[in-house]
Amino acid sequence: MQEPKQYTSSRYVREANGKTHFDIKCPFCGEVVTAYLWSLSGGGKKCPCGAMHSAHGLTFPKTEKPNKKP
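Count along the sequence shown from 1, add 460, and you get the number used in this note's numbering.
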């Protein structure tokens, strides 16, 4: 299992009414996603690769769900 990695951010835009956002570069896939500050402090921002960006500057890799036996 992979360990969480620190993401890099750029283009911080401070706006009123909960629209403050910035760009996050995923350390696992390299994709740049825009995240609102409120979404990071809530549940986090999900990357297209399945990783989860958190408010603490860490990206957690996609976790595989265990297969259910019929």
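Each residue gets a CB set at the ideal place from its N, CA and C atoms; glycine is no exception.
Does the Cβ of residue i have 16 or more other Cβ atoms within 10 Å, making it buried, or fewer, making it exposed?
{"i": "residue 505", "result": "buried"}
{"i": "residue 516", "result": "exposed"}
{"i": "residue 476", "result": "exposed"}
{"i": "residue 467", "result": "buried"}
{"i": "residue 519", "result": "buried"}
Starting from residue i, follow the beta strand (DSSP E) in both directions and report where the run begins and ends.
{"i": "residue 501", "result": "Per DSSP, residue 501 belongs to no beta strand (DSSP E); it is in the alpha helix (DSSP H), 497-501."}
{"i": "residue 474", "result": "From DSSP, residue 474 is part of no beta strand (DSSP E); its letter is neither H nor E."}
{"i": "residue 519", "result": "518-520"}
Using the DSSP secondary-structure output, state which residues sit across from residue i in a beta bridge.
{"i": "residue 488", "result": "DSSP, once it has assigned bridges, lists no residue as partnering residue 488."}
{"i": "residue 479", "result": "None, per the DSSP bridge assignment."}
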